[in-house]
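Let me begin by presenting the structure, written as structure tokens, before commenting on it.
Rendered as structure tokens:
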């Protein structure tokens, strides 16, 4: 498992009975987590003194209950700054476990010895975009949500990266890649973090089981002749790391590289466990 264990401003303090107690900067949140099926005593005082609690509804969805939590606040990861705000469906605008991937590809970009063009698909609030730009890459950031792209721009400005070569695009990711093929544009690295289910800006439906392999295949048409890496993230339970390895290995076999896929996780302070948080597949040049 690849573990995001370099955080100072974030930690999973404890987890039990379908929930996790997290520290985001100086604020404590309790949020549901379907992986937490164990029932251990909730002894940490934070369980009774949280700043926000997301309650899942038995009918689906849920709602926040707040106790002295600002509408927005910031946390830092190394040189990056992220704006957080709790919004629908339990999210805060950041997936901290992805820091293990940020560290991995940032080192590859810094050590490449050449300019690197990165394409970030389903780019959300820009965690990977900021990490790649801070490492020296030029980045094309694509997400179907106008609000998420605006949020990512805020994060870039707060991180001192507003003047870096980042293209911000509100677009359907598949249609964007198809247009890039026609335009003859190429990238040295591709990052994709697709949702299990989603809709494009014009209502295009995305189901990961049907669409992920065709999109990986499509993206090989916009890779440069000397690609550096290809990263695919999955939060879909049925998509095991071995499946990511097979898809990347099959579609990128013409390039000289290696593939590895693992679960990604976050350390749990109280117990020493590592909480699994999805999987990542990494192709990298030899």
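Residue numbers (the numbering used here): 7 to 292. Just so you know, even glycine gets a beta-carbon here, dropped at the ideal spot from N, CA and C.
If you draw a straight line from the C-alpha of residue i to the C-alpha of residue j, how long is it?
{"i": "residue 92", "j": "residue 27", "result": "15 Å"}
{"i": "residue 72", "j": "residue 121", "result": "46 Å"}
{"i": "residue 86", "j": "residue 113", "result": "15 Å"}
{"i": "residue 101", "j": "residue 58", "result": "17 Å"}
{"i": "residue 6", "j": "residue 34", "result": "Given a span of 7 to 292 for the chain in the structure shown, any question on residue 6 remains unanswerable."}
{"i": "residue 118", "j": "residue 264", "result": "16 Å"}
{"i": "residue 258", "j": "residue 226", "result": "7 Å"}
{"i": "residue 190", "j": "residue 127", "result": "18 Å"}
{"i": "residue 61", "j": "residue 24", "result": "11 Å"}
{"i": "residue 196", "j": "residue 272", "result": "24 Å"}
{"i": "residue 39", "j": "residue 166", "result": "33 Å"}
Sort out for me which residues DSSP pairs residue i with in a bridge.
{"i": "residue 49", "result": "Its beta-bridge partners do not exist; DSSP assigns none."}
{"i": "residue 281", "result": "272"}
{"i": "residue 80", "result": "89"}
{"i": "residue 149", "result": "176"}
{"i": "residue 127", "result": "148, 198"}
{"i": "residue 60", "result": "70"}
{"i": "residue 100", "result": "Beta-bridge pairing links residue 100 to no other residue."}
{"i": "residue 44", "result": "The partner list for residue 44 (beta bridge, DSSP) is empty, contrary to what the question assumes."}
Quick check on the burial criterion: 16 or more other C-beta atoms within 10 angstroms. Buried or exposed for residue i?
{"i": "residue 95", "result": "exposed"}
{"i": "residue 140", "result": "buried"}
{"i": "residue 285", "result": "buried"}
{"i": "residue 302", "result": "With the chain covering 7 to 292 only, the question about residue 302 has no answer from this structure."}
{"i": "residue 43", "result": "exposed"}
{"i": "residue 267", "result": "buried"}
{"i": "residue 66", "result": "exposed"}
{"i": "residue 281", "result": "buried"}
Just to confirm the assignment, what range does the alpha helix (DSSP H) spanning residue i have?
{"i": "residue 154", "result": "152 to 164"}
{"i": "residue 112", "result": "105 to 116"}
{"i": "residue 257", "result": "247 to 257"}
{"i": "residue 219", "result": "214 to 225"}
{"i": "residue 139", "result": "133 to 140"}
Smallest Cα separation from residue i: which of the options?
{"i": "residue 11", "options": "290, 208, 275, 289", "result": "275"}
{"i": "residue 283", "options": "264, 29, 104, 17", "result": "104"}
{"i": "residue 19", "options": "40, 56, 208", "result": "56"}
{"i": "residue 180", "options": "193, 222, 17", "result": "222"}
{"i": "residue 84", "options": "175, 270, 16", "result": "16"}
{"i": "residue 249", "options": "260, 235, 232, 214", "result": "214"}
Could you spell out where the beta strand (DSSP E) holding residue i opens and where it closes?
{"i": "residue 235", "result": "235 to 240"}
{"i": "residue 32", "result": "Element bounds for residue 32: n/a, residue is neither H nor E."}
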